[in-house]
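A.B. asks: The structure is given below, and queries will be raised subsequently.
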Amino acid sequence: NAGVTQTPKFQVLKTGQSMTLQCAQDMNHNSMYWYRQDPGMGLRLIYYSASEGTTDKGEVPNGYNVSRLNKREFSLRLESAAPSQTSVYFCASSEQGLGHNEQFFGPGTRLTVL
Amino acid sequence: AQRVTQPEKLLSVFKGAPVELKCNYSYSGSPELFWYVQYSRQRLQLLLRHISRESIKGFTADLNKGETSFHLKKPFAQEEDSAMYYCALSDTGGFKTIFGAGTRLFVKA
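Top line first, the protein sequences correspond to chains A and B. Each position in the first sequence, counted from 1, maps to that position plus 10 in my numbering. Each position in the second sequence, counted from 1, maps to that position plus 62 in my numbering.
What follows is the structure, encoded as structure tokens:
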């Protein structure tokens, strides 16, 4: 039981390049999330998927797209990377409903855009 | 608007001293509140939630609806408590969780 896994762990991009961050969970959770973590700003929600087949914007969606490929997998795509997207990206998953909103996090992807 | 405020970016205490990490929130409804912790080189993980009313690793947090606060407390800090702590709020649907900016706790020997 690996929990939430993310690939890659590290990535360096040049401005304008594209890439996809992969996330998978094996806990049969309905909801999945993508956050970015920046110093002094905590975790900010980029996109989330309440259930398979649905996605919604979070607090900072600009410059990103997501795909909920199936119940297990939720990917985050940067179409044209910018230096402002340098950050640590976390994927998370949770069950939903009262008392079941604990989020389980992946190890993170450290992205640098030059 | 939903908001979680952690006023202290850094909190430094001596081992054995009491510690209180502050968290205030704004939310129109009945929120579910959490404290998450991130130890060095580890994943962000749940420490405790208000709905469970439990004590984890000696930490407790009481939801004060009148003051809209959910402060995290421990009577005697240990060096292994040094970590980044995030207060978080979940809406009633549970689909979104809002995190505070975090407080780094440093416990000195």
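Cβ coordinates follow ideal geometry from the N, Cα and C atoms, glycine included.
Please list, in chain order, the residues of the segment 47-64 of chain A that have any C-beta partner in chain B closer than 7 Å.
C.D. replies: 50, 51, 52, 53, 55, 58, 60
A.B. asks: Can you grab the Cα-Cα spacing for the pair residue 91(B) / residue 25(A), in whole Å?
C.D. replies: Position 29 of the second sequence, counting from 1, holds the residue named residue 91(B). Position 15 of the first sequence, counting from 1, holds the residue named residue 25(A). Their Cα atoms are separated by approximately 42 Å.
A.B. asks: Along the segment 85-99 of chain B, where does the CB come closer than 9 Å to a CB of chain A? Name the residues.
C.D. replies: 94, 96, 98
A.B. asks: Could you tell me how far apart the beta carbons of residue 97(A) and residue 47(A) are, in whole angstroms, since I believe they sit closer than 8 Å?
C.D. replies: By 1-based counting over the first sequence, the position of residue 97(A) is 87. By 1-based counting over the first sequence, the position of residue 47(A) is 37. Rounded, the Cβ-Cβ distance is 6 Å, consistent with contact.
A.B. asks: The beta strand (DSSP E) that contains residue 99(B), what's its start and end?
C.D. replies: Taking the second sequence and counting its residues from 1, one reaches residue 99(B) at position 37. That run of the beta strand (DSSP E) goes 94-100.
A.B. asks: Chain A beta carbons: is any one of them nearer than 8 Å to that of residue 166(B)?
C.D. replies: Numbered from 1 along the second sequence, position 104 holds the residue referred to as residue 166(B). Residue 166(B) does not count as touching chain A.
A.B. asks: Anything in chain A within Cβ reach of residue 106(B), meaning under 7 Å, just list it in chain order.
C.D. replies: One-based indexing of the second sequence puts residue 106(B) at position 44. Neighbours of residue 106(B) on chain A, chain order: 100, 115.
A.B. asks: Quick one: which residues of the segment 135-162 of chain B get their C-beta closer than 7 Å to a C-beta of chain A? List them in chain order.
C.D. replies: Within the segment 135-162 of chain B, the qualifying residues are 148, 152, 156, 157, 158, 159, 161, 162.
A.B. asks: I'd like to know if residue 11(A) contacts chain B, where contact means its C-beta is closer than 8 Å to some C-beta of that chain.
C.D. replies: What you label residue 11(A) is simply residue 1 of the first sequence in a count that begins at 1. Chain B places no beta carbon closer than 8 Å to that of residue 11(A), leaving this residue out of the contacts.
A.B. asks: Closer than 7 Å, Cβ to Cβ, to anything on chain B: give me those residues from the segment 18-50 of chain A, in chain order.
C.D. replies: Taking 7 Å as the cut-off between beta carbons, the residues of the segment 18-50 of chain A near chain B are 41, 50, in sequence order.
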